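Enquirer: Going letter by letter, the sequence shown gives residues -11 to 334 in the working numbering.
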Amino acid sequence: MSLFPITRRAATLALAGLLATPLMASAQTPIKFQLDWRFEGPAALFLASTAKGYYKAAGLDVTIDAGNGSGGTVTRVAGGAYDMGFADMAALMEFHANNPDAPNKPVAVMMVYNNTPAAVLALKKSGISKPSDLNGRKLGAPGFDAGRKAFPIFAKANNITGVQWTSMDPPLRETMLVRGDIEAITGFSFTSLLNLEARGVKTEDIVVMPYPAHGVKLYGNAIIASPKLIKENPAAVKAFLSAFLKGAKEVIAKPDDAIEYVKARDGIINVDLEKRRLRMAIDAVVASPDARAEGFGVVNPGRLALMASQVSDAFGTRTRIDPTAVWTDTLLPAKAELNILPPVRR
-11 MSLFPITRRA
-1 ATLALAGLLA
9 TPLMASAQTP
19 IKFQLDWRFE
29 GPAALFLAST
39 AKGYYKAAGL
49 DVTIDAGNGS
59 GGTVTRVAGG
69 AYDMGFADMA
79 ALMEFHANNP
89 DAPNKPVAVM
99 MVYNNTPAAV
109 LALKKSGISK
119 PSDLNGRKLG
129 APGFDAGRKA
139 FPIFAKANNI
149 TGVQWTSMDP
159 PLRETMLVRG
169 DIEAITGFSF
179 TSLLNLEARG
189 VKTEDIVVMP
199 YPAHGVKLYG
209 NAIIASPKLI
219 KENPAAVKAF
229 LSAFLKGAKE
239 VIAKPDDAIE
249 YVKARDGIIN
259 VDLEKRRLRM
269 AIDAVVASPD
279 ARAEGFGVVN
289 PGRLALMASQ
299 VSDAFGTRTR
309 IDPTAVWTDT
319 LLPAKAELNI
329 LPPVRR
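What follows is the structure, encoded as structure tokens:
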């Protein structure tokens, strides 16, 4: 037999291999992902896997954009502008219950903030030091603030009545508290505390009352996905979650190093401030005692059902919230992959 046919066949196969390489590289699945807020410390949990190439290695072309509140993220994923996002579970529940006929209601696929970061903050000079001191006081927060919307749950758990609310844009919340226009605010603990410090208030002069520490065990932010993506390409969702876990594990282990990923997206951040914000977020809501007890990424069905009932009542939703409709664990990686929380520091 002549060697020519074999040689020509080998050359043809080699050429086919060369042509296939760029095609495979360009065949990565695009995923548009929106955060709940600006590029601040906690965003490093998601940005790390971009910087380290973990999403790309998983066959994904991930674009991560800043957000302007969980409600907006849920709406944009529902509308198809984004495939996935990071949003407060209460905001997701509210969307489901108020839009029962919406064709594309997002679903939570991984819990990241096992506890809500919501808290009430006040200045010590106001005489407020515990929840019962809020009776009859003037509180302020943007209308869409997660803590404000869930405040009826906090109030019920702590027998608080007679609160008067003032609304404002987010940048004015802490300023109005410092000026004395209001007596307390609701907000994410690791955001409002640092914002007050930035306005010249000493840490020791601030009272922080986290919801989880005062009888309100709501879940916080979760990764959400479009049901269209879940149905048409569940493998892409699974790949995203696995890649996210790799980066998040490294961020939790060395949070200070991870702020460089945030600075790459927003060059004017205060690096030291964002390092503190990220560490506070990890300690308060990511690696919290509840997260360690339940396991990272998952939910307790009974706790989720209670939250659904509480949010239905507090938010006055059009329909009752079905906890089985807002959450699925079918796309979660194996338990070993979810084990990303470091040992408890002694």
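By construction, the Cβ of each residue, glycine as well, lies at the ideal position given by its N, Cα and C atoms. Treat the numbers as computed from the prediction; the structure is a model and nothing was measured.
Specify the secondary structure class of Pro18 as computed by DSSP and reduced to three states.
Expert: Locating residue 18 in the sequence shown gives position 30, where the first residue counts as 1. Looking at Pro18 - three-state DSSP - the assignment turns out to be strand.
Enquirer: Note down the Cα distance separating Gly304 from Ala15, rounded to an integer number of angstroms.
Expert: As a first step, residue 304 is located in the sequence shown; it is residue number 316 there, counting from the start. As a first step, residue 15 is located in the sequence shown; it is residue number 27 there, counting from the start. C-alpha separation (whole angstroms): 45 Å.
Enquirer: For Gly59, collect the residues of the same chain with a Cβ closer than 6 Å to its Cβ; drop the 5 residues on either side in sequence, then sort them by chain order.
Expert: Counting from one through the sequence shown, the residue named residue 59 turns up at place 71. So the list reads Ala79, Phe132, once near-sequence residues are dropped.
Enquirer: For Ser230, which residues of its own chain have a beta-carbon under 8 Å away from its beta-carbon, when the five flanking residues on both sides are left out?
Expert: In the sequence shown, counting from the first residue as 1, residue 230 sits at position 242. Hits under 8 Å: Ala46, Pro321, Glu325.
Enquirer: Would you call the CB atoms of Leu33 and Phe27 closer than 9 Å?
Expert: Stepping through the sequence shown from its first residue, residue 33 is reached at position 45. Stepping through the sequence shown from its first residue, residue 27 is reached at position 39. No, Cβ-Cβ distance for Leu33 and Phe27 is not below 9 Å.
Enquirer: Taking C-alpha atoms, which residue in Gly150, Arg136, Pro105 lies nearest to Leu335?
Expert: For the chain, the structure presents residues -11 to 334; residue 335 sits outside this window and is missing.
Enquirer: Got a sec? Which residues, its chain only, sit under 8 Å from Phe221 by beta carbon, not counting five neighbours each side?
Expert: Working through the sequence shown from its first residue, we reach residue 221 at position 233. Note on residue identity: the sequence assigns Asn, not Phe, to residue 221. Result list for Asn221: Thr17, in chain order.
Enquirer: On the premise that Gly124 lies in contact with Met164, defined as a C-beta separation below 8 Å, what is that separation, rounded to the nearest angstrom?
Expert: Taking the sequence shown and counting its residues from 1, one reaches residue 164 at position 176. Taking the sequence shown and counting its residues from 1, one reaches residue 124 at position 136. Incorrect: roughly 18 Å between the Cβ atoms, too far for contact.
Enquirer: I'd like the list of long-range same chain contacts for Ile247, defined as Cβ closer than 7 Å, with 5 residues on each side in sequence excluded.
Expert: The residue given as residue 247 occupies position 259 in the sequence shown. Here the set comprises Gly29, Ala32, Val259, Glu262, Lys263, Leu266.
Enquirer: Suppose the cutoff is 7 Å on Cβ atoms and the five residues either side in sequence are ignored; what does the same chain contact list for Met197 look like?
Expert: For the purposes of this step, residue 197 is identified with residue 209 of the sequence shown, where counting begins at 1. Hits under 7 Å: Ala107, Val108, Pro119.
Enquirer: If you run the structure through DSSP and keep just helix, strand and coil, what is Asp71?
Expert: Numbered from its first residue, the sequence shown carries residue 71 at position 83. Coil at Asp71, not helix or strand.
Enquirer: Short of 8 Å in beta carbon distance, which residues of its chain neighbour Pro330, apart from the five on each side in sequence? Order them along the chain.
Expert: Numbered from its first residue, the sequence shown carries residue 330 at position 342. Cβ neighbours of Pro330 beyond the five flanking positions: Ile240, Ala241, Ala275.
Enquirer: Extract the residue ranges of the alpha helix (DSSP H) inside the region 30 to 107, only unbroken runs of 4 or more that lie entirely within it.
Expert: Listed in chain order, the complete alpha helix (DSSP H) runs (minimum 4 residues) inside the region 30 to 107 are 32 to 39, 42 to 45, 58 to 67, 77 to 86.
Enquirer: Which residue spans inside the region 153 to 183 form an unbroken alpha helix (DSSP H) run of at least 4?
Expert: If we require 4 residues or more, the alpha helix (DSSP H) runs fully inside the region 153 to 183 come out as 161 to 167.
Enquirer: Going by beta carbon distance, what residues of the same chain come within less than 7 Å of Arg291, once the five residues before and after it are set aside?
Expert: For the purposes of this step, residue 291 is identified with residue 303 of the sequence shown, where counting begins at 1. Answer for Arg291: Lys205, listed in chain order.
Enquirer: The alpha helix (DSSP H) with Leu23 in it runs from where to where?
Expert: As a first step, residue 23 must be located in the sequence shown, where it is residue number 35. Where Leu23 is concerned, there is no enclosing alpha helix (DSSP H), given that its DSSP letter is neither H nor E.
Enquirer: Three or more C-beta pairs under 8 Å: does that hold for the region 152 to 163 against the region 80 to 89?
Expert: Verdict: no, contact absent.
Enquirer: If I follow the unbroken alpha helix (DSSP H) through Ile211, where does it start and stop?
Expert: As a position in the sequence shown, residue 211 is number 223, starting the count at 1. Element bounds for Ile211: not the alpha helix (DSSP H) but the beta strand (DSSP E), 209 to 213.
Enquirer: Have a look at the DSSP bridge pairing and note the partners of Gly128.
Expert: Taking the sequence shown and counting its residues from 1, the one referred to as residue 128 is at position 140. Beta-bridge pairing links Gly128 to Thr154, Ile173.
Enquirer: Once you ignore the five residues that flank Thr38 on each side, which residues in its own chain have a CB closer than 7 Å to its CB?
Expert: Residue 38 sits at position 50 when you count from the first residue of the sequence shown. The answer, listed in chain order, is Val50, Ile52.
Enquirer: Give the DSSP-derived three-state secondary structure of Val259 in the structure shown.
Expert: On the sequence shown, residue 259 is found 271 positions in, with the first residue counted as 1. Three-state DSSP puts Val259 in a helix.
Enquirer: Is the CB-CB distance between Val225 and Met72 below 9 Å?
Expert: For the purposes of this step, residue 225 is taken as residue 237 along the sequence shown, with counting starting at 1. For the purposes of this step, residue 72 is taken as residue 84 along the sequence shown, with counting starting at 1. Their beta carbons are under 9 Å apart, which means Val225 touches Met72 by this criterion.
Enquirer: Where does Gly304 fall in DSSP's three states?
Expert: On the sequence shown, position 316 is the one that residue 304 refers to. In this structure, Gly304 counts as coil in the three-state DSSP scheme.
Enquirer: Locate the alpha helix (DSSP H) running through Ile116, then write down its first and last residues.
Expert: On the sequence shown, position 128 is the one that residue 116 refers to. That residue, Ile116, is in no alpha helix (DSSP H); it is neither H nor E in DSSP.
Enquirer: Looking at the secondary structure, which residues open and close the beta strand (DSSP E) in which Gln195 lies?
Expert: If you number the sequence shown from 1, residue 195 lands on position 207. In the sequence as presented, Gln is not what sits at residue 195; that position holds Val. Note, Val195: beta strand (DSSP E), 194 to 198.
Enquirer: Between Asp278 and Asn103, what straight-line distance do the alpha-carbon atoms span, to the nearest angstrom?
Expert: For the purposes of this step, residue 278 is identified with residue 290 of the sequence shown, where counting begins at 1. For the purposes of this step, residue 103 is identified with residue 115 of the sequence shown, where counting begins at 1. Going by the C-alpha atoms only, they are around 7 Å apart.
Enquirer: According to DSSP, simplified to helix, strand and coil, what is Gly285?
Expert: Start at 1 with the first residue of the sequence shown, and residue 285 comes out as number 297. Correct three-state label for Gly285: strand.
Enquirer: Taking only three categories from DSSP, how would you classify Ala275?
Expert: If you number the sequence shown from 1, residue 275 lands on position 287. Note: Ala275 maps to coil in three-state DSSP.
Enquirer: With Ile328 as the anchor, note down where its alpha helix (DSSP H) starts and where it stops.
Expert: Locating residue 328 in the sequence shown gives position 340, counting from the first residue. No alpha helix (DSSP H) contains Ile328, which DSSP labels as neither H nor E.
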